[in-house]
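So, in structure tokens, the structure goes:
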């Protein structure tokens, strides 16, 4: 085929597009119930914004589509929704805080397509800007859990950690301050490259052997939240990070989702900008992480010049959509309910009128616009999976009747035209 | 401010984003009822696709954001949804025809921002691919009319014409075939540059004076559809274009929207690719055109190599959204219903629990995540326009009560906690 979608991009035909819409509608509803409000920003941002300190970082920028506009200014396609949020907050100093927003938009990353990654994909984020309270983090987590439950996910766990705790642990182990971020990044790869891989990386960073052993012991700790918290209080003391973690866990217990949550000291999250609680949600079914986020109290100040704390979570929406697609989401409601077939050309206009009448009653109805014979019309209705066909014929019509064919049961019954709206309204709710 | 949105792009804060969502939801519902199905394609297309013959044309390509990807291939941001549709149909030869799709996506044009045009804007199209019947065109028009009515537009007119008729008229007047498209493009500017302006342009094209007079007479013809059709049958005969126009008008009369429709021989529509009926919907209120489209039977064959007739309409969605914004669309349903305020820190967790309970019942509820005092919490609720505040205090709570404050009436009543869900469910439907 001569013309193809651009490499790393995909078409979503109706059956997939419908699942996507349904999933997004569900998410939006949950977000709205939790008081998050919609925000839309441009897909284009200036290079100054995209490359600002603490934003994407060099790895992400390497994968960012960018080009000069006609005036010679460099602009690029957004690679996440956090940077545009930070820029938006900075541009709107009068915004009442806390500002709680959700945003669902396409983002672009020119990454390796070999691993099934798309270069254009949906991003779905919720964030609370302007609160440093653990209540805000708790709310983000509860909202994410509720959203996933509404989508039918059952078997998932929220892993919790805190960047301040991690930093303390690493420093406590004797790693110098300059190396902390690199060490955290190495520890973050535990799931991907295993204990030996992490050991290698830490060795390369010239971390002493006994420090490596200590760190691997610590991140391997398992136990109830209370057990891990007690351990931390003994090891690093009641530093702010530990207090935050205890407070957050307390809120999650209070709202009854403690069974979904577990403190995991190996969780580090790749991005540099996290400053406090971090969280990641994964299912047990080998799908990996389906949501992740944390608190980033310093990012927005880069743009706005004033300290604005923030916390949020990003849903791995393409991954979630893949799972939903396989799960055969019921989107039948939005499908076409009835095909109105004309027996011959004589009754085409009558068929058209009937279709209009049904649509006025909000019944999704379709008619033949190719002047095909009845058999071909039935074939087409079948190919589209339309459950009912109303067959309009001259003789029946004169008696105020149409034939209604149930495509699945392969049965036809004569019904009054005036009853059709009611009958179909009941069968295609 | 150091960081700004890119020139020609805009942020849509919650109040605007909410109107946008509501308008799009309304449109989607109408489209689905008419049997149009959602399609999503990439924002990126290869330069070969974007610049294919009969696609955008040089004027549009000049305004198309494009750049080389890392492999050196030129790609660009889409400037409309018709070209991606044509490419999609070509890539999916097994698609059951007719394929009726709607598509709502951002598109980009690097145009003149001085005239209030955005460089990134929403496009909203419906198209029927694979039918050459006037029924398909009629359906497109009825769907557009229904959609606009659902959005609350009352005073609008569908202007109809046919490219074949225009071509015949121009040829009949004595213009040679090569000049037909240029002459049509000049006539299309009648609304913008007036009779004298068009005369100038035609003079520049070296069209004879009496031909100019004839053409301006013809395009100035007013009258009922029947009168204009009779005139055409006398002037150019019952050529295919006239027959098409008569058939289309017949269908529109049959479905009862004839009063909204008028044949306007001055309507030409700028784009080159139209081959039959063309239509444009405008309101009387100086807003100008809010939707426009027509039949393009040759465009898809450029991509697919086989003849695939098609017809569709594009909504001037940003213009429609501007009108809707001013009209104060009721989006209250999706706003926050209640703010749960904590009198002091002692009851913060109780407030959190109450919020969770309300949200479980799908009541959009908000709480303080900044540990503010009661007065500040009420101020914030007011700033967000939240109609009710539930005030949680230790003493009331022990009696199973909360204070419910009606923010508008500035009245407080004590209600049982267990009744709160029911009470708010009724007041925030």
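Chains as they are written, first to last, in the working numbering: chain G, 1 to 429; chain B, 1001 to 1429. Glycine residues also receive a C-beta, built at the ideal position from the N, C-alpha and C atoms.
Non-local beta-carbon contacts of residue 98 (chain G) in its own chain, meaning distances under 8 Å to residues more than five positions away in sequence, involve 128, 129, 130, 131 and 136 in chain order.
In the DSSP assignment, residue 1401 (chain B) falls within the unbroken beta strand (DSSP E) covering 1401–1406. At a cut-off of 3 residues, the continuous stretches assigned as beta strand (DSSP E) that sit fully inside the stretch 334–392 of chain G are 338–342, 365–367 and 388–392. Leaving aside the five residues that flank residue 1106 (chain B) on each side, the residues in its chain whose CB is nearer than 8 Å to its CB run, in chain order, 1043, 1120, 1121, 1122 and 1123.
For residue 1029 (chain B), the enclosing alpha helix (DSSP H) has its first and last residue at 1014–1033. By the beta-carbon neighbour count (other beta carbons within 10 angstroms, threshold 16), residue 25 (chain G) is exposed. The beta carbon of residue 1235 (chain B) sits closer than 8 Å to those of 1169, 1172 and 1218, all from its chain and outside the five residues before and after it, given in chain order.
Within the same chain, 1041, 1045 and 1078 come within 7 Å of residue 1084 (chain B) by CB-CB distance, once the 5 residues on both sides are set aside. Neighbours of residue 300 (chain G) across chain B, judged by C-beta separation under 9 Å, do not exist; the nearest C-beta is about 11 Å away. Contact between the stretch 1018–1036 of chain B and the stretch 360–367 of chain G is established, with three or more Cβ pairs separated by less than 8 Å. Beta-bridge pairing by DSSP links residue 1310 (chain B) to B:1129.
Between residue 1414 (chain B) and residue 1422 (chain B), the C-beta gap is not smaller than 8 Å, which leaves the two residues out of contact.
Contact of residue 1021 (chain B) with chain G by beta-carbon distance below 7 Å involves 38. With contacts defined as CB atoms closer than 8 Å, residue 229 (chain G) and residue 252 (chain G) fail to qualify as a contacting pair.
Here DSSP, grouped into helix, strand and coil, assigns residue 279 (chain G) to strand. A buried status is given to residue 280 (chain G), since no fewer than 16 other beta-carbon atoms sit within 10 Å of its beta-carbon. Less than 8 Å separates the beta-carbon of residue 293 (chain G) from that of residue 140 (chain G). Under the Cβ distance rule, residue 308 (chain G) does not count among the residues neighbouring chain B, no pair being separated by less than 8 Å. Excluding sequence positions up to five before and after residue 221 (chain G), its CB lies within less than 8 Å of the CB of 228, 231 and 265, all in the same chain and listed in chain order. One alpha carbon belongs to residue 200 (chain G), the other to residue 287 (chain G), and they sit about 27 Å apart. Residue 371 (chain G) has its alpha-carbon roughly 18 Å from the corresponding atom of residue 356 (chain G). Taking 9 Å as the cut-off between beta carbons, the residues of the stretch 80–92 of chain G near chain B are 84, 86, 87, 88, 90, 91 and 92, in sequence order. Note on residue 338 (chain G): 16 or more other CB atoms within 10 angstroms of its CB, so buried under the neighbour-count rule. For residue 48 (chain G) and residue 1003 (chain B), the gap between their C-alpha atoms comes out near 8 Å.
Flagged as an interface residue toward chain G: residue 1003 (chain B), by a C-beta distance shorter than 8 Å.
Proximity of chain G to residue 1106 (chain B) at the Cβ level (cut-off 7 Å) is accounted for by 43, in chain order.
Within the DSSP bridge table, the entry for residue 1108 (chain B) names B:1120 as partners. Linking residue 346 (chain G) to residue 1094 (chain B) through their CA atoms gives a straight-line distance of about 31 Å. Residue 1023 (chain B) is classed as buried because its beta carbon has at least 16 other beta carbons within 10 Å across all chains shown. Per DSSP, reduced to three states, the secondary structure at residue 1227 (chain B) is helical. Residue 86 (chain G) carries a helical assignment under DSSP once its states are collapsed to helix, strand and coil. For residue 303 (chain G), the uninterrupted alpha helix (DSSP H) run begins and ends at 299–304, by DSSP. Scanning its chain for C-beta atoms nearer than 6 Å, with the 5 sequence neighbours on each side dropped, one finds around residue 55 (chain G) the residues 83, in chain order. In its chain, beyond the 5 residues on either side, 179, 182, 183 and 186 have a beta carbon closer than 8 Å to the beta carbon of residue 205 (chain G).
Judged by DSSP secondary structure, residue 9 (chain G) falls outside any beta strand (DSSP E); it is assigned neither H nor E. Judged by DSSP in its simplified three-state form, residue 317 (chain G) adopts helix.
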